[in-house]
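In this note's numbering, the protein residues as written are 3 to 157.
For every residue, glycine included, the Cβ atom is placed at its ideal position computed from N, Cα and C.
Owing to the predicted nature of the structure, the values given are computational and were not obtained by experimental measurement.
These notes are about the structure you will find just below.
Shown next, in the form of structure tokens:
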């Protein structure tokens, strides 16, 4: 089953539905929720969460196996990068896929210290099987740092 989250200027829609039923519910506006992206990740009981557009000004921590798919280039741009050493997305679990997001620092590139778009929060032997696919990453000094086995960056 897939969790689907949609954001617009007015609402945030989240559904848990199989296949064709998902499209029908999206046309009828679905359930409105004001959850942050981090809350949606924490609440997701499925293996896939789809985020449609929007701007997410928060640091994201992924601490369980999850496929996080962005459609219409949702933007992850933490307003406060002082936490987590300036990292936008921290991956603490193996078997994570991140696809179709724009990730950047709204304050521009730092001049000092660490700053990663995506980091597995370890310098050696991090979680395995992390895949970063078709993401736009800019204005962040360190890019992506993954230290586990079988990790992949593509697109």
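Query, Result
"Whole-angstrom distance between residue 143 and residue 45, CA atom to CA atom", "31 Å"
"Beta-carbon contacts of residue 118 that lie in its chain and below 6 Å, excluding the five residues immediately before and after", "89, 144, 147"
"Residue 72 versus residue 100 - alpha carbon distance", "8 Å"
"Residue 144 (DSSP reduced to helix, strand or coil)", "coil"
"Residue 64 to residue 126 span [Cα, whole Å]", "18 Å"
"Cα-Cα separation, residue 154 to residue 131", "7 Å"
"Reduced DSSP category for residue 94 - H, G, I as helix; E, B as strand; rest coil", "coil"
"Exposure label - residue 91; buried when at least 16 CB within 10 Å", "buried"
"Contact check, residue 58 vs residue 102, beta carbons under 8 Å", "no"
"Among 55, 50, 54, nearest to residue 66 - alpha-carbon criterion", "50"
"Three-state class that DSSP yields for residue 72 in the structure shown", "strand"
"Residue 44 in three-state terms, based on DSSP", "helix"
"Integer-rounded CB distance, given that residue 105 should sit under 8 Å from residue 129", "The pair is not a contact, with the Cβ atoms about 18 Å apart (cut-off 8 Å)."
"Per DSSP, the bridge partner or partners of residue 60", "Paired residues: none, contrary to the question."
"Close Cβ partners of residue 60 (< 7 Å) along its chain, the five nearest in sequence each way excluded", "38, 39, 40, 80"
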